[in-house]
Amino acid sequence: MYSEIKLISKVKAQITKFSHKVSRSFNKPKGKFIHQMIYGIQAAKDVKLSNIARALNEDISLIKTEYRLSRQISREDFSEQLNEEIIKYGAMKIRKDSVIAVDLSDISKSYANKMPYLAWVWDGSKKEKRRGYWILEIIGADIDGYELTPLYSELYSQKAQGFRSENFQIFKGIDRVINRIGTKGIPVCRQAGML
Numbered sequence: 015m016y017s018e019i020k021l022i023s024k025v026k027a028q029i030t031k032f033s034h035k036v037s038r039s040f041n042k043p044k045g046k047f048i049h050q051m052i053y054g055i056q057a058a059k060d061v062k063l064s065n066i067a068r069a070l071n072e073d074i075s076l077i078k079t080e081y082r083l084s085r086q087i088s089r090e091d092f093s094e095q096l097n098e099e100i101i102k103y104g105a106m107k108i109r110k111d112s113v114i115a116v117d118l119s120d121i122s123k124s125y126a127n128k129m130p131y132l133a134w135v136w137d138g139s140k141k142e143k144r145r146g147y148w149i150l151e152i153i154g155a156d157i158d159g160y161e162l163t164p165l166y167s168e169l170y171s172q173k174a175q176g177f178r179s180e181n182f183q184i185f186k187g188i189d190r191v192i193n194r195i196g197t198k199g200i201p202v203c204r205q206a207g208m209l
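Right under this line is the structure:
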């Protein structure tokens, strides 16, 4: 029991440290929101706002917490600014022999009807087309693979306004990371033909 409490407090401290580093350029309310979302997703093991709100276990009613999170998340898109902070933080941990993994995957939303810009994606686990979004992730790993460092993450849809191409999305992410890390690291792609 004691070791479990110790582990929980250690994880909370790591989440707090990480969220403070990636939210440095944000004002205090946005920084608090980023911290609560990171902690809530980790604690709930889910991305649904109701479960995140439940995991936060605030002294106000659950519906009020959920409403506040919903209002903040729909206020503005600050993913570009957040990605920039994540790249800055991650770049400090990248070494010459680090592996820079570029991965294109998907998130299926089979039952969603009202989500904007739902597109057809290939669900590799089900081996079929489904409605959802693409996810581009770039992660740094030490040579032994013990420490993973997030560098870039973007959810996108080919149906969104301003979408150019999958290659554009991939190269945009790679360019942003390279601008920070320079020639450090060894790029690796999971799928053939990505680079």
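According to the working numbering, the stretch in the sequence shown is residues 15 to 209, in order.
For glycine and all other residues, C-beta sits at the position ideal for the given N, C-alpha and C.
Residue i - partner residues in DSSP beta bridges
i: Ile200; result: Val113
i: Leu165; result: Per DSSP, none; premise fails for Leu165.
i: Gly154; result: Ile114, Thr163
i: Lys170; result: Note on identity: in this sequence residue 170 is Tyr, with Lys being the wrong assignment. Tyr170 pairs with Trp148.
Residue from the options whose Cα sits closest to the Cα of residue i
i: Ser122; options: Leu21, Arg144, Phe182; result: Arg144
i: Thr163; options: Leu169, Asn193, Lys128, Gly199; result: Gly199
i: Gly159; options: Ala57, Lys44, Lys102, Ser112; result: Ser112
i: Leu222; options: Thr197, Met51, Pro43; result: Here the chain covers residues 15 to 209 and nothing more, so residue 222 does not appear.
i: Phe32; options: Asp60, Phe182, Glu99; result: Glu99
i: Ile22; options: Gln56, His34, Lys35, Asn97; result: Gln56
i: Gly138; options: Ile153, Arg204, Ser119; result: Ser119
i: Glu72; options: Arg194, Pro130, Tyr53; result: Tyr53
i: Ile153; options: Phe92, Cys203, Glu94, Pro130; result: Cys203
i: Ile114; options: Trp136, Ile157, Lys20, Lys173; result: Ile157
Residue i CB to nearest heavy atom of the ligand ATP below 8 Å
i: Tyr16; result: No copy of the ligand ATP appears in this structure; indeed no ligand is present at all.
Rounded straight-line distance, which links the Cα of residue j to that of residue i
i: Ser64; j: Ile48; result: 16 Å
i: Glu180; j: Arg82; result: 34 Å
i: Lys62; j: Asn41; result: 25 Å
i: Ile77; j: Leu165; result: 34 Å
i: Met106; j: Ser75; result: 40 Å
i: Gly104; j: Phe182; result: 22 Å
i: Thr197; j: Ser37; result: 26 Å
i: Pro43; j: Thr79; result: 14 Å
i: Gly187; j: Ser17; result: 40 Å
i: Ser88; j: Lys46; result: 16 Å
i: Glu90; j: Ala155; result: 31 Å
i: Pro130; j: Lys173; result: 9 Å
Contiguous beta strand (DSSP E) assignments of at least 3 residues, all confined to the region 111 to 152
Within the region 111 to 152, the complete beta strand (DSSP E) runs of at least 3 residues are 113 to 122, 133 to 137.
Which runs of the alpha helix (DSSP H) spanning at least 4 residues fall entirely within the region 25 to 95, listed in chain order?
Qualifying alpha helix (DSSP H) stretches, in chain order: 42 to 58, 63 to 70, 76 to 89.
Quick one: any contact between the region 119 to 138 and the region 147 to 156, if contact means 3 or more CB pairs under 8 Å?
As far as the Cβ criterion goes, the region 119 to 138 touches the region 147 to 156, which means the pair count is three or higher.
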